[in-house]
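Novice: Could you have a look at this structure, given as structure tokens, before my questions?
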Amino acid sequence: MIDYLTSRDFLLMLLKMFIVFGGLLGAFAYLSLVERRVMAFVQMRPGPNRVGPFGLLQPIADGLKFLFKEQVHPTDANKWLYLAAPLISIIPALLSFAVIPFGPALQVTDLNVALLVVFAVGSLSVYGIVLGGWASNSKYPLIASMRSSAQMISYELSLTLSVVGVLMLANTLSLVHIVQGQEGTWLGFIPRWNIFLQPVGFIVYMIAATAETNRLPFDLAESEQELVSGWHTEYSGMKFGMYMLAEYGNLTASVCIATILFFGGWNGPSFGPDWLRMILPTIWFVMKISVFIFIYVLARSTVPRIRYDQLMRFGWKYMLPVALANILITSLLVALS
Amino acid sequence: MIPLNWFLILSAVLFLIGVLGFFIKRNIIALLLSVEIMLNAVNLTFVAFSSRIHQISGQIFVFFVLVVAAAEAAVGLALIIAMFRNRETLNVDRSNLLKW
Amino acid sequence: MIQALFVLFAALAVGAAINVVVQKHVLYSALSLIVLLVAMSGLFILLEADFLAVINIIVYAGAIMVLFVFVIMLLNLPEDEDGTDRLRWLKFVGIPMGLFLLFMVLATLWQTGADNAATTQMPGTPQAIGQALFTDYLLPFEVTSLLILIALMGAVVFAKREL
């Protein structure tokens, strides 16, 4: 076993893991700055621009603040669960990046059930919220965590069903093969993306992913006007920082999966000298993710919040039948062709 | 490679822990959890044999065990909620109204 | 290497199972069961059943155990009472008998021979499972969907306040 642990493959994988996860944690912190600036511009105010040029050092200042804050524990809070809940929240958010390909050979690992792994760790992230709310021993977090977990497990169904159409077209669960199946173009200029074949699936996926990651318009569980701060009311310091990182991590993971499944992943026109060709797929991928993150942040700044009963009714009575009808029609068309 | 009987022994130990939990615990939800441990031990046996004799039916049967466990957990928990509303306790020793 | 992984997952599974039985507060038992399910998925992956491992996490640990944790939190149970029930001596008979049963089972299993458990000739890919599930086992598949429908209706009826 020792010779495996010191072999070149293992060390290369460790290096990839460190690069991916270290870079990702930095990216999540800067995503908070992006969100605050875009929201501010929509609301016609400048946003954080004091700390560093254009506010670029703001996430670092926020991180230092979280590290140095006093950690207040509520009395009678369940000590182990209170400490473990942010960990349970951030581990799935990071784990789903282990199978996401950023480029032609740039993933930490490639499984032949990669897409299901992303959904599996997504369904484990419910526990971070449930336990965090319950362990705080306080009424607002409890209500918020119950609502949020009911919402998350309801929309998880529509999320998983909405990608079955893509799976039928691609015939594989491996994310690398799904991206490779979207290479090339029709008629020379329309890229062979799954969005043109599965528009309904894409819309259902985006709405369900918004509900899964507790973003507006589905963030009733952490609404500031009603529930102080939802399930992370009683958390302070780095534990709250971990919840924030976990939220941005879930957002980025669902956006990455949306581009991989529906928008061709890292496919894009390839031109230029050799060194440019090598990094161009990753640049296309990052550009596509940025567009979707921008759309998410815009949705947060413009759309009003949905009430809880409207949310549950929408999830069960409208989204689930639409996702099932999508599967039915797609399977009919695939079988006929 | 891992010998087959390691998996079978592990499965037997887990099954036994589930059986002991079922005998010892008095909380109804803990009894349900012990039943789930037993079902998981059986799943492990199915998959171990399925990979040994190269037939996929073991894994298919694990699917059905999973489905039955889900259905049983749902109905069992609904019954527990109804019981709790009537009796205010989940101790099985208190549910002895039919005894002489 | 694989044997070290097996020992790790097996120790995790046995430890989690013992924790389920030993804990007084039922919420900790449910959380230990989730750890057991994760260890089970690891063992399934060692047996080349990767689709089943992920399905175990999604269905069992991600849905059924959420149901358990919900009910435990909503009922807000206190810890197990240490009350005086008449059958307490049964514990001291049950455990030795259980260990005897384990000894008998292990004595039989120890002699099954050290054949290899997993080879790469039949991986549990989604394609293989899908083919078997929808051709040979189509009838049980449809019947289980009916079973789930009945369980759904039954759970709603039982848990309602007024019918």
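Residue numbers (our numbering), protein chains in the order written: chain A, 352 to 688; chain B, 654 to 753; chain C, 17 to 179.
Using N, Cα and C, we set each Cβ at its ideal position, and we do this for glycine too.
Kindly indicate which residue of C:Ala-32, C:Leu-155, C:Ala-171, C:Val-54 has the alpha-carbon position closest to the one of Ser-45 (chain C).
Specialist: Out of C:Ala-32, C:Leu-155, C:Ala-171, C:Val-54, C:Ala-32 has the C-alpha closest to the C-alpha of Ser-45 (chain C).
Novice: Should Asp-152 (chain C) go down as buried or exposed, given a rule of 16 or more other Cβ atoms within 10 Å for buried?
Specialist: That one is exposed.
Novice: Have a look at Ile-10 (chain C) and Leu-684 (chain B) and give me their C-alpha separation to the nearest angstrom.
Specialist: Nothing can be reported for residue 10 (chain C), as the shown portion of chain C is limited to 17 through 179.
Novice: Secondary structure at Asn-744 (chain B), three-state DSSP: helix, strand or coil?
Specialist: The answer is strand: DSSP assigns Asn-744 (chain B) an E or B state.
Novice: Does Asn-693 (chain B) have its Cβ less than 9 Å from a Cβ in chain C?
Specialist: True, the Cβ-Cβ gap to chain C drops below 9 Å.
Novice: Taking just the CA atoms, how far does Thr-564 (chain A) sit from Val-459 (chain A)?
Specialist: Distance between the alpha carbons of Val-459 (chain A) and Thr-564 (chain A) is about 23 Å.
Novice: With 7 Å as the limit, tell me which residues of the region 463-477 of chain A have their beta carbon closer than that to any beta carbon of chain C; keep them in chain order.
Specialist: Against chain C - using a Cβ distance shorter than 7 Å - the residues of the region 463-477 of chain A are Asn-463, Val-464, Leu-467, Val-468, Phe-470, Ala-471, Ser-474, Leu-475, Val-477.
Novice: Anything in chain C within Cβ reach of Leu-684 (chain B), meaning under 9 Å, just list it in chain order.
Specialist: Those do not exist, as Leu-684 (chain B) stays about 10 Å from chain C at its closest Cβ, beyond 9 Å.
Novice: Distance check for Phe-372 (chain A) and Val-721 (chain B), CA to CA, integer angstroms please.
Specialist: Val-721 (chain B) and Phe-372 (chain A): Cα-Cα distance of roughly 39 Å.
Novice: Is DSSP giving Asn-680 (chain B) helix, strand or coil here?
Specialist: Looking at Asn-680 (chain B) - three-state DSSP - the assignment turns out to be strand.
Novice: Below 7 Å CB to CB, which residues in the same chain sit around Ser-687 (chain B) once its five sequence neighbours on both sides are set aside?
Specialist: Cβ neighbours of Ser-687 (chain B) beyond the five flanking positions: Gly-671, Gly-674, Phe-675, Lys-678.
Novice: Hey, is Ala-133 (chain C)'s beta-carbon within less than 9 Å of any beta-carbon in chain A?
Specialist: Here the model assigns Ala-133 (chain C) a pLDDT of 49, short of 50, so the residue's position is not dependable, and the following value carries that caveat. Not an interface residue.
Novice: Counting only Cβ pairs nearer than 8 Å, list the residues of chain B close to Ala-29 (chain C).
Specialist: Result: Leu-663, Leu-667.
Novice: Grab me the residues of Thr-742 (chain B)'s own chain with a C-beta within less than 7 Å of its C-beta, minus the 5 sequence neighbours each way, in chain order.
Specialist: Closer than 7 Å at Cβ, skipping near neighbours: no residue.
Novice: What three-state label does DSSP hand Thr-633 (chain A) in the structure shown?
Specialist: In the structure shown, Thr-633 (chain A) sits in a helix (DSSP, three-state: H, G or I).
Novice: State buried or exposed for Phe-22 (chain C), treating a residue as buried only when at least 16 other CB atoms are found within 10 Å of its CB.
Specialist: With 16 or more other Cβ atoms within 10 Å, it is buried.
Novice: Considering Cα atoms alone, identify which of C:Ala-148, C:Met-169, C:Val-54 is closest to Phe-714 (chain B).
Specialist: For Phe-714 (chain B), the nearest C-alpha among the options comes from C:Ala-148.
Novice: I need the boundaries of the alpha helix (DSSP H) containing Tyr-491 (chain A), first residue and last residue.
Specialist: Here the alpha helix (DSSP H) through Tyr-491 (chain A) covers 490-513.
Novice: Roughly how many angstroms separate the alpha carbons of Val-745 (chain B) and Tyr-659 (chain A), rounded to a whole number?
Specialist: Val-745 (chain B) and Tyr-659 (chain A): Cα-Cα distance of roughly 36 Å.
Novice: Quick check on the DSSP output: the alpha helix (DSSP H) that includes Ala-428 (chain A) runs from which residue to which?
Specialist: Counting along the chain, Ala-428 (chain A) falls outside any alpha helix (DSSP H), and DSSP gives it neither H nor E.
Novice: Pull out every residue of the region 149-165 of chain C whose Cβ sits closer than 7 Å to any Cβ of chain B, in chain order.
Specialist: Result list: Leu-149, Tyr-153, Pro-156, Thr-160, Leu-163, Ile-164.
Novice: Pairing CB atoms from the region 488-506 of chain A with CB atoms from the region 642-650 of chain A, are three or more of them under 8 Å?
Specialist: No, they do not touch.
Novice: Hey, could you find the ends of the alpha helix (DSSP H) Thr-603 (chain A) is sitting in?
Specialist: Run containing Thr-603 (chain A): 589-613, per the alpha helix (DSSP H) assignment.
Novice: Between the region 500-515 of chain A and the region 470-481 of chain A, do three or more beta carbon pairs fall short of 8 Å?
Specialist: Because the criterion of three Cβ pairs below 8 Å is met, the region 500-515 of chain A and the region 470-481 of chain A touch.
Novice: Where does Tyr-586 (chain A) land, buried or exposed, given buried means 16+ other C-beta within 10 angstroms?
Specialist: Its Cβ being crowded by 16 or more others within 10 Å, Tyr-586 (chain A) is buried.
Novice: When you compare the CB positions of Ala-65 (chain C) and Ser-664 (chain B), do they come within less than 9 Å of one another, or not?
Specialist: No. Outside cutoff.
Novice: If you check the beta carbons only, do Leu-518 (chain A) and Leu-524 (chain A) fall under 9 Å apart?
Specialist: Yes, they are a contact pair.
Novice: For a cutoff of 9 Å on Cβ pairs, would you count Gly-114 (chain C) as touching chain B?
Specialist: So yes, Gly-114 (chain C) belongs to the interface.
Novice: Contact check, Val-36 (chain C) vs Ile-682 (chain B) under 8 Å by CB: the rounded distance?
Specialist: Actually they do not touch by this definition, with Cβ atoms about 11 Å apart.
Novice: So if I threshold CB-CB distances at 8 Å, which residues from the region 694-714 of chain B count as touching chain C?
Specialist: Result list: Asn-696, Leu-697, Val-700, Ala-701, Ser-703, Ser-704, Arg-705, His-707, Gln-708, Ile-709, Ser-710, Gln-712, Ile-713.
Novice: Can you check whether the CB of Pro-443 (chain A) is closer than 9 Å to the CB of Ala-597 (chain A)?
Specialist: For Ala-597 (chain A) and Pro-443 (chain A), yes; Cβs fall inside 9 Å.
Novice: At a CB distance below 9 Å, what residues from the region 44-67 of chain C approach chain B? Give them in sequence order.
Specialist: Taking 9 Å as the Cβ-Cβ cut-off against chain B, the residues of the region 44-67 of chain C that qualify are Ser-45, Ala-46, Ser-48, Leu-49, Leu-52, Leu-53, Met-56, Leu-59, Phe-60, Leu-62, Leu-63, Glu-64, Ala-65, Phe-67.
Novice: Taking the C-alpha atoms as reference points, what is the distance between Val-695 (chain B) and Phe-614 (chain A)?
Specialist: Answer to the nearest angstrom: the Cα atoms are 42 Å apart.
Novice: For Ala-27 (chain C), count the other beta carbons within 10 Å of its own beta carbon; 16 or more makes it buried, fewer makes it exposed. Which is it?
Specialist: With fewer than 16 Cβ atoms within 10 Å of its Cβ, Ala-27 (chain C) is classed as exposed.
Novice: Report the neighbours of Val-459 (chain A) on chain C: residues whose CB is nearer than 7 Å to its CB, in chain order.
Specialist: Per Cβ cutoff of 7 Å: no residues; Val-459 (chain A) is ~16 Å from chain C at best.
Novice: Could you tell me whether the Cβ of Val-685 (chain A) comes closer than 9 Å to any Cβ of chain C?
Specialist: No, no contact with chain C.
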